[in-house]
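Numbering (my numbering), first residue to last: 278 to 703.
Backbone N, C-alpha and C define an ideal beta-carbon position, used for all residues, glycine too.
These numbers come from a predicted model, not from an experiment.
Beneath this line is the structure, given in structure tokens, with notes to follow.
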Amino acid sequence: MLEIKLLREEKERVIEGLKKRHLPEEQLAYVDEVIALDDSRKKIQTESDVLKSQINQLSKEVGDLFKQGKRDEANPLKEKVAELKSKNEVMDSEMNTVKNRIEEILLSLPNVPHSSVKSGKGEEENEVYQAWDNELPDLGESAMPHWELAEKYNLIDFKLGAFITGSGFPLFRGKGAKLERALINFFLEEASEAGYEEIIPPLLVNEDTARGTGQIPDKEGQMYYCEKDDLYLIPTAEVPITNIYRGQLVTENDFPIKLTGYTPCFRREAGSYGSDVKGLNRVHQFDKVEIVQIQHPDKSYDTLMTMLSHVEGLLNKLGLPYRILKLCGGDTGSAAALTYDFEVYSAAQKRWLEVSSVSNFETFQTNRMKLRYKDENGKTQLAHTLNGSALALARIVAALLENNQTEAGIKIPETLQAYTKFSIID
RNA sequence: GGUGACGUGGGUGAGUGGCUGAAACCACUGGUUUGCUAAACCAGCGUACUCAGAAAUGGGUACCGGGGGUUCGAAUCCCCCCGUCACCGCCA
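Pasting the structure below:
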């Protein structure tokens, strides 16, 4: 959620920024509307405060009169208070209307992209920030896509998952399950070594939490929802982990706050279809290790870069060809100011698969969840939040299986063998 | 799921209708003093919105888990919700 103060003070920059997302005109007009609404909010606030002050004053006098037994003098004052109160009620309801509209608009406005983000409508306009300069693996025509390899070696049973739950809920078994678990452990260990505190959060969250990181109202349809208990299944560990600090006032010395956690992620992915969803390319449940940082605003972009290198380190150790995209305005998630996507090359499908998304949200999430710190002048300021996948499992598994297939079987990268306890799947 | 108790400022905890934004203690910050790894004393110390001011700061309003109600007036009374704890039930 954007701060009204920002809209007031840097309106031009905000609108220029939002334009990079190619928002419809009427949404850009919200900026002016919300400022005007806020003006009337202030006006009502001031008037209402005066009224309330009078009411408080009179009430005190009534009390004094009663104590002195001057009932007759008190009664007219009581009537006066009643009159002021009914006036105030009108004002309160006006106030609520205005406030609700402001809230509604602010929630609907996406974050202002970082100045370096290019304008663009969608993913086709993302720029390659760091290309893969080495050769891409060429396995020839006989190479099998991961869903065939998974069946051949009995690693993942998509049909059984569909039988138990539905399509998009893969069932891992045998060495497939072990490989999955090894990757999770590997990623968590790497994050721990990089100084992240490990968290095992709840997998279901309440509405306030979902709102805090921006899932509601923007991506509400993306989440599974348990109506009976009014809880959402998390689409990413970012949600519960970032919300650990919801409503908190931290000190500058606490920065950077570094948290990591493995969770399954649940996404409805409504409307997806075709080769996109084949095998592990797009599923409703997948495992992911997430890294989250809460940082001082002055340092958040440096932090973003260190998170990028962390993810790069993981991919290098796994020996997977990857490239980094810098997302254009239209493809950047509404809560983020700047996002880099990592894609690994899946050699049998001959395509790039997104395996990580690393973003700086600046104050967008912290404004919603009121995550603040005291600066050196004792002023309360909003902190910055960042997060990134490190990494998303399903597609990493897809790439590993495909890229490492040989006549003899699927070779496990050396780094990972310490975790799998086997070196080949055959 | 049932029954009961409870939910106050960073922490402990007082307060059962006006004199309470809230005692006291601890923690924290600044100062005074004593020369010894610290003590004593004094002072300050919540958040949000808003108005005035260049600012320091000052005025107003709201907030004692959340929401609603009673009342001239509520932390204090009533209702609903959420949470915590204890016991019982069930259970990995």
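Residue i versus residue j: straight-line alpha-carbon distance, rounded
i, j, result
"CYS503", "LEU481", "9 Å"
"ASN373", "PRO494", "20 Å"
"ASP369", "ASN644", "25 Å"
"GLY472", "GLU466", "10 Å"
"ASN680", "ASN654", "54 Å"
"ASP507", "HIS561", "20 Å"
"THR662", "MET646", "11 Å"
"SER611", "GLN525", "23 Å"
"LEU591", "LYS576", "23 Å"
"ILE704", "LEU284", "Residue 704 is absent from the model: the chain starts at 278 and stops at 703."
"GLN255", "PRO447", "With the chain represented from 278 up to 703, any question about residue 255 goes unanswered, as that position is not in the structure."
"SER586", "ASP326", "53 Å"
"GLU474", "ALA468", "8 Å"
"THR657", "THR519", "19 Å"
"LEU361", "ASN377", "24 Å"
"LEU693", "TRP629", "22 Å"
"ILE223", "THR537", "There is no way to answer for residue 223, as the model of the chain reaches only from 278 to 703."
"ILE701", "GLN626", "21 Å"
"THR697", "LEU432", "14 Å"
"LYS364", "GLN331", "12 Å"
"SER392", "LEU279", "16 Å"
"LYS320", "ALA313", "11 Å"
"ALA685", "GLU457", "21 Å"
"ILE382", "LEU677", "44 Å"
"PHE699", "PRO690", "10 Å"
"GLY438", "GLY445", "8 Å"
"LEU354", "ASN333", "12 Å"
"ILE292", "SER385", "14 Å"
"PRO574", "GLU639", "7 Å"
"GLU401", "GLU497", "25 Å"
"ARG545", "GLN682", "31 Å"
"GLY417", "GLU286", "58 Å"
"VAL339", "GLU371", "28 Å"
Reduced DSSP category for residue i - H, G, I as helix; E, B as strand; rest coil
i, result
"GLY704", "Since the first and last residues shown for the chain are 278 and 703, residue 704 lies out of range."
"LYS565", "strand"
"ASP434", "strand"
"PRO690", "coil"
"LEU557", "coil"
"GLN682", "strand"
"PHE543", "strand"
"LEU413", "coil"
"TYR406", "strand"
"VAL291", "helix"
"LEU659", "strand"
"VAL394", "coil"
"GLU639", "strand"
"LEU508", "strand"
"SER419", "coil"
"LEU677", "helix"
"SER634", "strand"
"THR513", "coil"
"LEU283", "helix"
"LEU480", "coil"
"GLY538", "strand"
"THR528", "strand"
"ARG523", "coil"
"LYS329", "helix"
Whole-angstrom C-beta distance between residue j and residue i, which should lie under 8 Å
i, j, result
"VAL744", "LEU335", "Residue 744 is absent from the structure shown; the chain starts at 278 and stops at 703."
"VAL566", "ALA695", "No, VAL566 and ALA695 are not in contact; Cβ-Cβ is about 17 Å, not under 8 Å."
"ALA660", "VAL527", "7 Å"
"THR513", "GLN642", "With 8 Å as the limit, THR513 and GLN642 do not qualify as a contact, their Cβ atoms being about 13 Å apart."
"ARG318", "VAL375", "5 Å"
"TYR430", "LYS455", "The Cβ separation is near 12 Å, so there is no contact."
"PRO509", "TYR522", "At residue 509 the sequence reads Tyr, which differs from the Pro that was named. With 8 Å as the limit, TYR509 and TYR522 do not qualify as a contact, their Cβ atoms being about 19 Å apart."
"LEU602", "ASP618", "4 Å"
"ASN664", "GLU515", "5 Å"
"PRO479", "PRO517", "6 Å"
"HIS423", "ALA675", "4 Å"
"ASN637", "LEU557", "28 Å between Cβ atoms; not a contact."
beta-carbon residue i near the ligand SAM non-hydrogen atom, thresh 7 Å
i, result
"GLU639", "With respect to the ligand SAM, the structure offers nothing, as it holds no ligand at all."
Worksheet item: Unbroken alpha helix (DSSP H) runs of length 4 or more, entirely within the region 345 to 387: which are they?
Response: Runs found: 348 to 385.
Fill in: Every unbroken beta strand (DSSP E) within the region 571 to 632, with a cutoff of 3 residues, ordered by chain
599 to 603, 615 to 623
Worksheet item: Are the region 616 to 629 and the region 586 to 603 in contact at 8 Å, needing three or more beta carbon pairs?
Response: In the pairwise beta carbon analysis, the region 616 to 629 is classified as touching the region 586 to 603: at least three pairs are separated by under 8 Å.
Discussion item. Is it the case that the region 394 to 408 contacts the region 290 to 302, given that we only count it when at least three CB pairs across the two stretches are under 8 Å?
Written reply: yes
Item to complete: Would you mind listing the alpha helix (DSSP H) stretches within the region 424 to 478 that are 4+ residues and don't spill past its ends, in chain order?
Response: For the region 424 to 478, the full-length alpha helix (DSSP H) segments reaching 4 residues or more read 435 to 441, 452 to 470 along the chain.
Worksheet item: Are three or more beta carbon pairs between the region 567 to 574 and the region 529 to 546 nearer than 8 Å?
Response: yes
Worksheet entry | Continuous beta strand (DSSP E) assignments of at least 3 residues falling wholly in the region 293 to 326 | none
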